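Trainee: My questions will all concern the structure given below.
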Amino acid sequence: MKRFFIAMLLVIGTGVGAVYAQGTVAKSSITFEIKNMGINTGGSLGGLTAKIHFVGANLSASTLEASVDVGTINTDNTTKDEHLRSEDFFDVAKYPKITMKSVALKHKSGDNYIGTFLLTIKDKTKQLDIPFSYMDQGNTVEFKSTFKINRLDFGVGSSSMILSDVVTVHLDCEERKTESATL
């Protein structure tokens with residue numbers, strides 16, 4: 001679950017001045033945490049793809065899109081993973097991807113930004129404000145974010161006295177620049 005949330009966030013990136021950057025995901029980590037019977041448990045997601053067009057000097061011209069393959073969910077428990085892939089939770093056969101698309105991006109300070117994103121899970125789309133950091137490291141850019149979502153807003157599982165509704169998602173993505181130009 002956490003990887004799919006983070007995949008959505010990893011599309012976030014920035015540039016310095018009037019430079020824009022596009023690239024390919026070099027490595028990513030999408031993890032999640034949720035309380036189950038009062039104990040923190042979690043897992044990860046893989047298969048992240050992203051399209052990033054980030055213009056640091058003109059955030060309104062920037063677009064960030066990402067998707068993650070929900071079938072890659074991994075909690076280190078095969079039985080739990082299969083249950084999470086089932087109709088009871090993510091229904092991977094019908095909804096194989098989680099997607100995120102930016103609506104607006106704002107600079108907060110330093111390397112810190114906040115993005116308004118449309119997050120789609122199981123054909124349910126919600127608008128979320130998600131904080132992230134963006135660091136330009138020459139040939140690569142790094143995006144990091146931690147945010148929370150309510151799984152019930154997306155029809156993931158049902159109300160439960162033992163499973164929390166709130167999921168914390170951690171995203172860490174490194175993108176290798178393949179295109180860069182001065183505007």
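Per our numbering, the sequence shown starts with residue 1, numbered consecutively. Glycine included, each C-beta is placed from N, C-alpha and C at the ideal position. For clarity, every value in this text was computed on a predicted model and none was experimentally measured.
With a 10 Å radius around its C-beta and 16 neighbouring C-beta atoms as the bar for buried, classify T178 as buried or exposed.
Mentor: What you label residue 178 is simply residue 178 of the sequence shown in a count that begins at 1. Exposed, because fewer than 16 other Cβ atoms sit within 10 Å of the Cβ of T178.
Trainee: Answer with buried or exposed for A21, where buried requires no fewer than 16 other C-beta atoms within 10 angstroms of its C-beta.
Mentor: By one-based count along the sequence shown, residue 21 stands at place 21. For A21, the predicted structure reports a pLDDT of 49, less than 50, and the residue's modelled location is therefore unreliable. A value from the coordinates is still provided. Flag for A21 reads buried.
Trainee: Going by DSSP, name the residue or residues bridged to D69.
Mentor: Position 69 of the sequence shown, counted from the first residue, corresponds to residue 69. DSSP lists G46 and K97 as partners of D69.
Trainee: Measuring straight from C-alpha to C-alpha, what distance separates G110 and V166?
Mentor: Here residue 110 is taken as the residue at index 110 of the sequence shown, counted from 1. Here residue 166 is taken as the residue at index 166 of the sequence shown, counted from 1. Taking the straight line from one Cα to the other gives about 29 Å.
Trainee: Pull up the CB-CB distance for K116 and V103, whole angstroms please, since I reckon it's below 8 Å.
Mentor: Walking along the sequence shown from the start, residue 116 turns up at place 116. Walking along the sequence shown from the start, residue 103 turns up at place 103. It should be noted that the sequence gives Thr, not Lys, for residue 116. Contact flag correct, Cβ pair sits at about 4 Å.
Trainee: Can you tell me the Cα-Cα spacing of E142 and K51, whole angstroms?
Mentor: Residue 142 sits at position 142 when you count from the first residue of the sequence shown. Residue 51 sits at position 51 when you count from the first residue of the sequence shown. In a straight line, the C-alpha of E142 is about 14 Å away from that of K51.
Trainee: To the nearest angstrom, how far is the alpha carbon of K66 from that of I162?
Mentor: Locating residue 66 in the sequence shown gives position 66, counting from the first residue. Locating residue 162 in the sequence shown gives position 162, counting from the first residue. Going by the sequence as given, residue 66 is Ala instead of Lys. Each residue's Cα considered, the two are about 31 Å apart.
Trainee: Could you pull the DSSP bridge partners for I52 from this structure?
Mentor: For the purposes of this step, residue 52 is taken as residue 52 along the sequence shown, with counting starting at 1. Per DSSP, L64.
Trainee: In the DSSP assignment, find the unbroken beta strand (DSSP E) run with T125 in it and report its ends.
Mentor: Along the sequence shown, one-based indexing puts residue 125 at 125. Per DSSP, T125 belongs to the beta strand (DSSP E) from K124 to D136.
Trainee: Determine the DSSP secondary structure at F117, reduced to helix, strand or coil.
Mentor: Indexing the sequence shown from 1 puts residue 117 at position 117. Note: F117 maps to strand in three-state DSSP.
Trainee: Could you tell me the distance, in whole angstroms, from the CA atom of I130 to the CA atom of F154?
Mentor: Stepping through the sequence shown from its first residue, residue 130 is reached at position 130. Stepping through the sequence shown from its first residue, residue 154 is reached at position 154. Taking the straight line joining both Cα atoms gives about 17 Å.
Trainee: Tell me the rounded alpha-carbon separation between E175 and I30.
Mentor: Position 175 of the sequence shown, counted from the first residue, corresponds to residue 175. Position 30 of the sequence shown, counted from the first residue, corresponds to residue 30. Distance between the alpha carbons of E175 and I30 is about 14 Å.
Trainee: Quick check: the Cα distance between G56 and M100, rounded to an integer number of angstroms?
Mentor: If you number the sequence shown from 1, residue 56 lands on position 56. If you number the sequence shown from 1, residue 100 lands on position 100. Cα to Cα, the separation comes out at about 20 Å.
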